[in-house]
Structure formats: C-alpha cells, structure tokens
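The numbering of the sequence shown is the working numbering, which starts it at 216 and goes up by one.
Structure first, commentary second.
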Amino acid sequence: MTPIRGRPRQINSLPMASTSSIQQHFLEKIPLPVDFQRKTYFLRCRQCSANQIRKETSYRCKTCPKKPPLCPECFESYHL
Ligand SMILES: [Zn+2]
Ligand SMILES: [Zn+2]
C-alpha cells in the first residue's frame, strides 16, 4: 500500500503577489516647470477626474511610467 500522507511538497504559486504592487509606488511632489511663476503647481487628480470629481493635487506617483497626478486620498485606490 502506498501511504497517502507524506506526499512530496508541491510548489504553489502564491496568488497574493498582485496585492503588494502598491508598495512599489511612491507619492512625490510634482516638480515645478522651469518657467512657472507661482509657488505651487497643481494638476487635476487622475483618479478624481475618472470619478467625475474636480480636484487638484500637487503630488504624483513617482514610479508609474506615466507619473499620473494623484491626490493622497486617491493614491491607494488608483493602484488597486
Ligand atoms: Zn484624487
Ligand atoms: Zn504608481
């Protein structure tokens, strides 16, 4: 008889890998354009405008390829 217990351990692919992607993203202040006259630079939050909300932010995601402007409230939900 072959014992049922003690079967060789299988390498399982962990499905939780995608949930940690936000840890690779960082909020940074949007640098002012060189010819910009005012103190703070504001852009429309990408996530808010997708939700039809008019909101401006001076922050963006540093690590996203497109560096989208995001307000701190939307930063997490944008990456979910
Ligand atoms: Zn927002
Ligand atoms: Zn990002």
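We treat Cβ as the ideally placed atom computed from N, Cα and C, and that holds for glycine.
Note that the coordinates shown come from a computational prediction; the quantities given were computed from them, not determined experimentally.
- The beta carbon of Cys260 is closer than 8 angstroms to those of Ile268, Lys270, Glu271, Thr272, Pro284, Leu285, Cys286 and Cys289 in its chain, skipping five residues each way along the sequence.
- Collapsing the DSSP output to three states places Tyr293 in a helix.
- Pairing Thr278 with Phe241 gives a Cβ-Cβ distance under 8 angstroms.
- For Cys276, the secondary structure class from DSSP, reduced to helix, strand or coil, is strand.
- Contact between Glu243 and Arg275 holds: CB atoms are separated by about 6 angstroms, below the 8 angstroms threshold.
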